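*Asks:* So that we are looking at the same thing, I have put the structure below in structure tokens.
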Amino acid sequence: MTRKFINQMEPSFDENERLALNEYMLSGGWVTEFNKTRTFESMIASYTGAQYCSVVANGTVSLTIALMACGITIGDEVIVPDYTMVASPNSIELIGAKAVFVDVERDTLCMDYDMMIQSVTDKTKAIMLVSINGRYPQKLDKIIDYCRSKGLWIIEDAAQSLGSFHKGKHVGLYGDIGSFSFSAPKIITTGQGGALITDNAELIDKIRKIRDFGRERSGVDHYLIKGWNYKFTDLQAIIGIEQMKKLDERVIRKKEIGRIYESLLKNVNGVELISTDYEQVPPWFYDILVNNREELKKFLHSKGIGTREFYPPLHAEPAYGYELSFPVTEEISRKGLWLPSSSNLTDEDVHYICNCIKEFYN
Ligand SMILES: *Cc1c(COP(=O)(O)O)cnc(C)c1O
Numbered sequence: 173m174t175r176k177f178i179n180q181m182e183p184s185f186d187e188n189e190r191l192a193l194n195e196y197m198l199s200g201g202w203v204t205e206f207n208k209t210r211t212f213e214s215m216i217a218s219y220t221g222a223q224y225c226s227v228v229a230n231g232t233v234s235l236t237i238a239l240m241a242c243g244i245t246i247g248d249e250v251i252v253p254d255y256t257m258v259a260s261p262n263s264i265e266l267i268g269a270k271a272v273f274v275d276v277e278r279d280t281l282c283m284d285y286d287m288m289i290q291s292v293t294d295k296t297k298a299i300m301l302v303s304i305n306g307r308y309p310q311k312l313d314k315i316i317d318y319c320r321s322k323g324l325w326i327i328e329d330a331a332q333s334l335g336s337f338h339k340g341k342h343v344g345l346y347g348d349i350g351s352f353s354f355s356a357p358k359i360i361t362t363g364q365g366g367a368l369i370t371d372n373a374e375l376i377d378k379i380r381k382i383r384d385f386g387r388e389r390s391g392v393d394h395y396l397i398k399g400w401n402y403k404f405t406d407l408q409a410i411i412g413i414e415q416m417k418k419l420d421e422r423v424i425r426k427k428e429i430g431r432i433y434e435s436l437l438k439n440v441n442g443v444e445l446i447s448t449d450y451e452q453v454p455p456w457f458y459d460i461l462v463n464n465r466e467e468l469k470k471f472l473h474s475k476g477i478g479t480r481e482f483y484p485p486l487h488a489e490p491a492y493g494y495e496l497s498f499p500v501t502e503e504i505s506r507k508g509l510w511l512p513s514s515s516n517l518t519d520e521d522v523h524y525i526c527n528c529i530k531e532f533y534n
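So the working numbering is basically just the index in the sequence shown, starting at one, shifted up by 172.
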């Protein structure tokens with residue numbers, strides 16, 4: 173029997189998306205955003221427990237919109253971890269603000285509190301808190317207290333965290349605005365898409381205007397603030413609604429898979445796990461730190477297993493090119509590997525993957 177290649181991640185759909193799309197097209201909808209988009213937003217608000225939700229074109233512009241809604245502008249500084257997806261700093265630089273990189277904690281791979289406070293200047297207006305794989309930094313409370321006392325906004329890049337909770341409250345709700353992504357590899361997908369959640373009525377009002385030309389309301393050509401067009405479409409919302417119906421089961425399954433990985437890999441010499449609270453967090457990608465990453469990656473590929481390397485230290489990428497040194501990010505970026513992470517992996521797949529890893533290290 174030849175085994176099917178196990179992708180590191182893949183989106184999954186079934187006949188429910190197909191049927192819902194078909195029904196919509198037969199009903200003569202206008203395709204652009206309307207009632208389906210509002211339904212999708214209310215599903216996200218109710219799932220996360222947020223007062224308000226607004227969906228937008230993707231999980232990068234969502235961050236830019238969040239910054240704009242907080243009044244961040246040219247010359248302002250926003251602190252962001254060096255270890256994150258490049259969309260986090262780029263969303264800051266798009267509006268002419270400066271992304272100020274800081275190192276991350278070794279245990280959580282999230283922003284380092286001490287380094288964050290050392291990096292605050294009188295130009296700092298916000299911090300971008302990235303919940304990598306659904307985790308928060310250990311010193312979350314201190315970060316929040318510090319930002320509140322200094323009047324700094326907290327924008328949460330929670331793109332990887334839909335379904336993750338912290339002390340019973342959904343990730344993305346600890347800051348002022350939380351941002352999610354529905355790109356193809358995320359836990360639910362609409363192909364492209366992003367969402368912002370907040371409990372702040374003033375902020376959501378601005379967000380809704382910025383995404384729709386700054387209009388007083390849809391169809392009324394009176395422009396209260398400067399806005400652009402970052403809207404969603406009902407076609408995407410139809411897929412999103414069906415995906416949301418599957419979120420609970422995906423969250424449960426991702427936690428189960430994580431626990432199996434943990435139990436099978438925890439005693440393997442050469443493999444280091446990142447500690448995860450599986451009660452509350454369904455990690456987006458299963459992340460491990462390894463020796464001989466390149467060889468392991470090739471070996472697993474030869475066994476029909478896809479993996480992906482961690483993000484590089486962003487400060488050193490040509491797009492930024494800063495001569496700085498962030499030892500933790502540099503180390504984890506060199507050692508980090510994401511294992512297959514789709515919620516449709518079978519137990520047998522996970523056992524096979526772990527056996528191959530053990531075979532490599534023995
Ligand atoms: C996926 C992701 C984004 C970008 O989202 P897009 O929808 O692809 O623009 C931003 N930040 C993080 C941490 C992500 O994982």
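Heads up, the beta-carbon is just placed ideally off N, CA and C, and yes, glycines get one too. This one's a predicted model, so the numbers in the text were calculated from it and none came from an experiment.
Whole angstroms is fine: what's the gap from Glu489's alpha carbon to Lys378's?
*Replies:* Looking up residue 489 in the sequence shown gives position 317. Looking up residue 378 in the sequence shown gives position 206. If I take the Cα positions, the gap works out to 33 angstroms.
*Asks:* Could you tell me whether any non-hydrogen atom of ligand 1 is closer than 7 angstroms to the CB of Met257?
*Replies:* Taking the first residue of the sequence shown as 1, we reach residue 257 at position 85. Distance from the C-beta of Met257 to the nearest heavy atom of ligand 1 is below 7 angstroms.
*Asks:* With contact counted as at least three CB pairs below 8 angstroms, one residue from each stretch, are the segment 251-267 and the segment 223-233 in contact?
*Replies:* Touching, yes.
*Asks:* Looking at C-beta atoms only, is the number of pairs between the segment 214-225 and the segment 241-256 that lie closer than 8 angstroms three or more?
*Replies:* no
*Asks:* Classify Ala356 as buried or exposed, calling it buried when 16 or more other Cβ atoms lie within 10 Å of its own Cβ.
*Replies:* The sequence position of residue 356 within the sequence shown is 184, counting from 1. So Ala356 counts as exposed.
*Asks:* Tell me, which residues are paired with Thr204 by DSSP?
*Replies:* Taking the sequence shown and counting its residues from 1, the one referred to as residue 204 is at position 32. Paired residue(s): Thr405.
*Asks:* State the DSSP-derived secondary structure class of Gly508, mapped to helix, strand or coil.
*Replies:* Translated into positions along the sequence shown, residue 508 becomes position 336. In the structure shown, Gly508 sits in a strand (DSSP, three-state: E or B).
*Asks:* Less than 6 angstroms between C-beta atoms, sequence neighbours within five positions excluded: which residues of the same chain meet that for Ala192?
*Replies:* As a position in the sequence shown, residue 192 is number 20, starting the count at 1. Within the same chain, Ala192 has close Cβ partners Ile410 and Glu414.
*Asks:* Please tell me whether, using a cut-off of 7 angstroms, the distance from the CB of Ala488 to the nearest non-hydrogen atom of ligand 1 is below it.
*Replies:* Locating residue 488 in the sequence shown gives position 316, where the first residue counts as 1. Ala488 has its CB no nearer than 7 angstroms to any heavy atom of ligand 1.
*Asks:* Would you say the beta carbon of Gly347 comes nearer than 7 angstroms to a heavy atom of ligand 3?
*Replies:* Because ligand 3 does not appear in the structure shown, any question about it cannot be addressed here, the ligands present being ligand 1.
*Asks:* Would you give the residue range spanned by the alpha helix (DSSP H) that Cys282 belongs to?
*Replies:* Here residue 282 refers to the residue found at position 110 of the sequence shown. Here Cys282 belongs to no alpha helix (DSSP H), and DSSP marks it neither H nor E.
*Asks:* Which of helix, strand or coil does DSSP assign to Glu328?
*Replies:* Along the sequence shown, one-based indexing puts residue 328 at 156. DSSP places Glu328 in strand when its eight states are reduced to three.
*Asks:* Does the beta-carbon of Ile424 have 16 or more other beta-carbons within 10 angstroms, so that it is buried, or is it exposed?
*Replies:* Here residue 424 refers to the residue found at position 252 when the sequence shown is read from its first residue. Classification of Ile424: exposed, given that the 10 Å Cβ count is below 16.
*Asks:* Express the C-alpha separation of Ile251 and Gly386 in angstroms, rounding to a whole number.
*Replies:* Numbered from its first residue, the sequence shown carries residue 386 at position 214. Numbered from its first residue, the sequence shown carries residue 251 at position 79. Cα to Cα, the separation comes out at about 27 angstroms.
*Asks:* Would you mind listing the beta strand (DSSP E) stretches within the segment 352-438 that are 3+ residues and don't spill past its ends, in chain order?
*Replies:* DSSP runs (the beta strand (DSSP E)) wholly in the segment 352-438: 366-370, 387-389 and 392-395.
*Asks:* Between Val302 and ligand 1, is the CB less than 7 angstroms from at least one heavy atom?
*Replies:* The residue labelled residue 302 in the question sits at position 130 within the sequence shown. Yes.
*Asks:* Taking the alpha-carbon positions, what's the Gln332 to Asp371 distance?
*Replies:* Residue mapping note: residue 332 aligns to position 160 of the sequence shown, counting from 1. Residue mapping note: residue 371 aligns to position 199 of the sequence shown, counting from 1. Distance between the alpha carbons of Gln332 and Asp371: 20 angstroms.
*Asks:* My understanding is that Ala298 touches Leu324, with C-beta atoms under 8 angstroms, so please give their C-beta distance in whole angstroms.
*Replies:* Position 126 of the sequence shown, counted from the start, is the residue given in the question as residue 298. Position 152 of the sequence shown, counted from the start, is the residue given in the question as residue 324. The Cβ separation is near 6 angstroms, so the contact holds.
*Asks:* To the nearest angstrom, how far is the alpha carbon of Phe498 from that of Asn463?
*Replies:* Translated into positions along the sequence shown, residue 498 becomes position 326. Translated into positions along the sequence shown, residue 463 becomes position 291. In a straight line, the C-alpha of Phe498 is about 20 angstroms away from that of Asn463.
*Asks:* Would the segment 439-449 and the segment 210-218 be scored as touching if the rule is three or more Cβ pairs under 8 angstroms?
*Replies:* no
*Asks:* Identify every residue that forms a DSSP beta bridge with Ala298.
*Replies:* On the sequence shown, position 126 is the one that residue 298 refers to. Beta-bridge pairing links Ala298 to Val250 and Trp325.
*Asks:* Could you tell me if the beta carbon of Gly508 falls within a distance shorter than 7 angstroms of some heavy atom in ligand 1?
*Replies:* Residue mapping note: residue 508 aligns to position 336 of the sequence shown, counting from 1. No, Cβ of Gly508 sits at least 7 angstroms from all heavy atoms of ligand 1.
*Asks:* Roughly how many angstroms separate the alpha carbons of Tyr433 and Arg389, rounded to a whole number?
*Replies:* As a working mapping, residue 433 is identified with position 261 in the sequence shown. As a working mapping, residue 389 is identified with position 217 in the sequence shown. Their Cα atoms are separated by approximately 49 angstroms.
*Asks:* Assuming Ile504 contacts Tyr255 under a Cβ cut-off of 8 angstroms, what Cβ separation, rounded to an integer in Å, is found between them?
*Replies:* Residue numbering aside, residue 504 sits at position 332 when the sequence shown is read from its first letter. Residue numbering aside, residue 255 sits at position 83 when the sequence shown is read from its first letter. Correct: roughly 6 angstroms between the Cβ atoms.
*Asks:* CA-CA distance, Gly350 and Ile369?
*Replies:* To locate residue 350, count along the sequence shown from 1; it is residue 178. To locate residue 369, count along the sequence shown from 1; it is residue 197. Whole-angstrom Cα-Cα distance: 5 angstroms.
*Asks:* If you follow the alpha helix (DSSP H) that Lys469 is part of, which residue opens it and which one closes it?
*Replies:* Your numbering for residue 469 matches position 297 in the sequence shown. Lys469 -> alpha helix (DSSP H) spans Arg465 to Ser474.
*Asks:* Is any non-hydrogen atom of ligand 1 found closer than 7 angstroms to the C-beta of Gln452, if you look at the structure I gave you?
*Replies:* Start at 1 with the first residue of the sequence shown, and residue 452 comes out as number 280. No, the Cβ of Gln452 stays beyond 7 angstroms of every heavy atom of ligand 1.
*Asks:* Here's the rule: buried if 16 or more other CB atoms are within 10 angstroms of the residue's CB, otherwise exposed. What is Glu467?
*Replies:* By one-based count along the sequence shown, residue 467 stands at place 295. Exposed, by the Cβ-count rule.
*Asks:* For Pro455, which residues of its own chain have a beta-carbon under 6 angstroms away from its beta-carbon, when the five flanking residues on both sides are left out?
*Replies:* One-based indexing of the sequence shown puts residue 455 at position 283. Here the set comprises Asn305, Gly306, Gly430 and Thr448.
*Asks:* Below 8 angstroms between beta carbons: does that hold for Phe206 and Asp406?
*Replies:* Residue 206 sits at position 34 when you count from the first residue of the sequence shown. Residue 406 sits at position 234 when you count from the first residue of the sequence shown. Contact: yes.
*Asks:* Quick check: the Cα distance between Lys208 and Ala241, rounded to an integer number of angstroms?
*Replies:* Here residue 208 corresponds to residue number 36 of the sequence shown, with the count starting at 1. Here residue 241 corresponds to residue number 69 of the sequence shown, with the count starting at 1. If you take the alpha carbons of Lys208 and Ala241, they lie about 24 angstroms apart.
*Asks:* Taking only heavy atoms of ligand 1 into account, decide whether any of them is closer than 7 angstroms to the Cβ of Lys403.
*Replies:* Translated into the one-based positions of the sequence shown, residue 403 becomes position 231. No, since every heavy atom of ligand 1 falls outside the 7 angstroms radius drawn around the Cβ of Lys403.
*Asks:* Take the Cβ of His473 as the centre, count every other Cβ of all protein chains shown within 10 Å, and call the residue buried at 16 or more, exposed below.
*Replies:* Working through the sequence shown from its first residue, we reach residue 473 at position 301. It is exposed - the Cβ of His473 has fewer than 16 other Cβ atoms within 10 Å.
*Asks:* Closest to Pro485 by CA distance: which of Gly478, Tyr402, Thr479 and Tyr494 is it?
*Replies:* Start at 1 with the first residue of the sequence shown, and residue 485 comes out as number 313. Among Gly478, Tyr402, Thr479 and Tyr494, the Cα nearest to that of Pro485 belongs to Tyr494.
*Asks:* Flag this pair as yes or no: are the beta carbons of Ile376 and Trp400 separated by less than 8 angstroms?
*Replies:* Stepping through the sequence shown from its first residue, residue 376 is reached at position 204. Stepping through the sequence shown from its first residue, residue 400 is reached at position 228. Contact flag unset, no.
*Asks:* Just the Cα atoms here: how many angstroms apart are Met283 and Tyr533?
*Replies:* As a first step, residue 283 is located in the sequence shown; it is residue number 111 there, counting from the start. As a first step, residue 533 is located in the sequence shown; it is residue number 361 there, counting from the start. One alpha carbon belongs to Met283, the other to Tyr533, and they sit about 31 angstroms apart.
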